[in-house]
Amino acid sequence: MKIAIVCYPTFGGSGVVATELGLALAKRGHEIHFVTYSQPVRLDQLSGNVRFHEVHVPEYPLFHYQPYELALSSKLVNVVKQFKIELLHVHYAIPHAYAGYMAKKMLAEEGINLPMVTTLHGTDITLVGNHPFYKPAVTFSINNSDVVTSVSESLKEDTLKFFKIKNEIQVVPNFIDCSKYDKKEFTDCQREMMADKKEKIITHISNFRKVKRIDDVIKIFFEIQKKIDAKLMMVGEGPEKEAAEDLVDELNISNKVMFLGQSHEIDKILCFSDLFLLPSEKESFGLSALEAMVNGVAVVSTNTGGLPEVNINGVSGYLSKVGHVHEMAANALKILENEETLEKFKQGARHVAEKFDIKNIVPLYEDIYEKALQIK
Ligand code: GMT
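In this note's numbering, the protein residues as written are 28 to 403.
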């Protein structure tokens, strides 16, 4: 199949999922065209059947806001015609499904049928999409997609609760390529750069937005380090980072917390981690937790949104209500204080992650595409 994929090219989970999906589909013989405003961060394998088309929005002083949706829909029309694209898969309703619908309509004028699959990722529904300003546009985009998928059962329920949806929503969970993590290529001396042998390594990875409750990560770690030797790796950049650094100073634990920024060595960091903390306010899926789990890292998280579908309580880690910092710290200690228990959770995490292996999920998208192609 010749498929155009539209996504956000940044470090966010939706962009990562879209890119990994495109690369996996290309490996299975499909021709994939990414259409977005810059090359997706994880897209490092451009080849004959993986292409990237940049959406350029010319600066024009008359416009207070430059019209990205217009540029995207026009670019889609051109790419579809030039490369004879058969299907469009947009990740994130705003503004991608909206722009995709316009492209579809413009192509229909020329007698070209372009089925559109829209995947909902969470923030488009629970945070941005539900904003009263965006609600009509999101509802319209979902109802006018040929197929709609969501990354968890919980997100499907939220979408049906918040919007008047006429379309069926199919749940296709996010995925991970387990085979990539089968052999550990990292040496112990690389671990020593992060922590002493006796110290446990605890990690948090996110875009440091309010919804991630970064201060809870620090507070949970503060309690943990009172009881056991440990280091905290804070990976990522975002608006809450400065406040987190201030809190670390205030609590006098700066010698135990490393802010590593937007690291390209996430696999290495996770490979040496013992525990992953994700105390988010909202999380439609929690891809970062899954990335930790595939590396055999236990997860202590909240029970919000799709997290209970990914982090299985008592098996891959523990779940708590949002803001229950003391309980999350106690759960972390329950896992970390005993080597046998820690090993059991590490194995449990890897085992649960295997359920989300790419080889189980990509064929689900292929089935959806086949069916979408029948829609006229
Ligand atoms: O919240 C983020 O870190 C970014 C956001 C995005 O739009 O990329 O992530 C959303 O999509 C991810 C991939 O499907 C999910 O794993 C995240 O849980 C979801 N974030 C929220 O729901 C807050």
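Yeah, the Cβ is synthetic: ideal placement off N, Cα and C, and Gly gets one too. What you are looking at is a predicted structure, and each value in this text was computed from that prediction instead of being measured.
One alpha carbon belongs to glutamine 109, the other to glutamate 267, and they sit about 43 Å apart. In the DSSP secondary-structure assignment, valine 198 is bridged to Ser177.
Rounded to the nearest angstrom, the gap between the Cα atoms of histidine 83 and glycine 138 is 26 Å. DSSP, read as helix, strand or coil, puts serine 328 in strand. DSSP places lysine 29 within a strand segment (E or B) once states are collapsed to three.
Threonine 145 has its alpha-carbon roughly 6 Å from the corresponding atom of valine 174. Under the three-state reduction of DSSP output, alanine 222 falls in the coil class, being neither helix nor strand. Positions of the beta strand (DSSP E) runs, each at least 3 residues long and wholly inside the stretch 228–283, are given as 257–262 in order along the chain. By the criterion of a C-beta distance shorter than 6 Å, leucine 99 is surrounded in its chain by Val82 and Ala126, once the five residues flanking it on both sides are discounted. Taking all protein chains shown into account, isoleucine 402 has fewer than 16 neighbouring C-beta atoms within 10 Å of its C-beta and is therefore exposed. A Cβ-Cβ contact shorter than 7 Å links phenylalanine 190 with threonine 166. A distance criterion of 6 Å places the beta-carbon of histidine 351 beyond contact range of the ligand GMT, judged by its closest non-hydrogen atom. Placement of the Cβ of glycine 313 at a distance of less than 6 Å from at least one heavy atom of the ligand GMT is found. Per DSSP, valine 106 lies in no beta strand (DSSP E); the unbroken alpha helix (DSSP H) holding it starts and ends at 95–110. DSSP places histidine 118 in the strand class (E or B) of the three-state scheme. It is roughly 10 Å from the alpha-carbon of glutamate 336 to the alpha-carbon of valine 379.
Residue side-chain check: valine 198 keeps its Cβ at 6 Å or more from all non-hydrogen atoms of the ligand GMT. When rounded, the separation of the alpha-carbon atoms in lysine 283 and asparagine 322 is 23 Å. From the listed residues Leu50, His60, Ala51 and Gln217, the smallest Cα separation to valine 33 is found for His60. Taking the C-beta atoms as reference points, alanine 316 is found no nearer than 7 Å to asparagine 340.
Counting only residues of its own chain and dropping the five nearest sequence neighbours on each side, aspartate 242 has a CB closer than 8 Å to the CB of Glu267, Ala270, Ala271 and Leu274.
Annotation for leucine 115: Ala31, Gly127, Leu141 and Met143 place their beta carbon closer than 6 Å to its own, counting only its chain and skipping 5 residues before and after. In this structure, phenylalanine 303 and methionine 221 do not form a Cβ contact; the two beta carbons are roughly 14 Å apart against a cut-off of 8 Å.
DSSP places threonine 166 within a helical segment (H, G or I) once states are collapsed to three.
The Cβ-Cβ distance between valine 62 and lysine 102 falls below 7 Å. According to the DSSP assignment, valine 43 belongs to no beta strand (DSSP E) but to the alpha helix (DSSP H) extending over 40–54. Selection Pro390, Asp209, Gly263 and Pro36 evaluated against threonine 230 yields Gly263 as nearest (Cα-Cα).
Boundaries of the alpha helix (DSSP H) harbouring histidine 353: 352–363, taken from the DSSP string. Here valine 342 has Gly375 and Val379 as same chain residues with Cβ atoms under 7 Å from its own Cβ, once five neighbours each way along the sequence are excluded. Counted as a single uninterrupted DSSP element, the beta strand (DSSP E) harbouring histidine 60 occupies residues 58–63. For glutamate 113, no alpha helix (DSSP H) run applies, since DSSP gives it neither H nor E. Cβ-Cβ distances below 6 Å link alanine 124 to Val117, Thr145, Ser168 and Ser172 in the same chain, with the five nearest sequence neighbours on each side left out; the list follows chain order. Looking at the DSSP output, aspartate 185 shares a beta bridge with no other residue. Under DSSP, the beta-bridge partners assigned to tyrosine 345 are Val327.
Assigned with DSSP and collapsed to three states, glycine 375 falls in helix.
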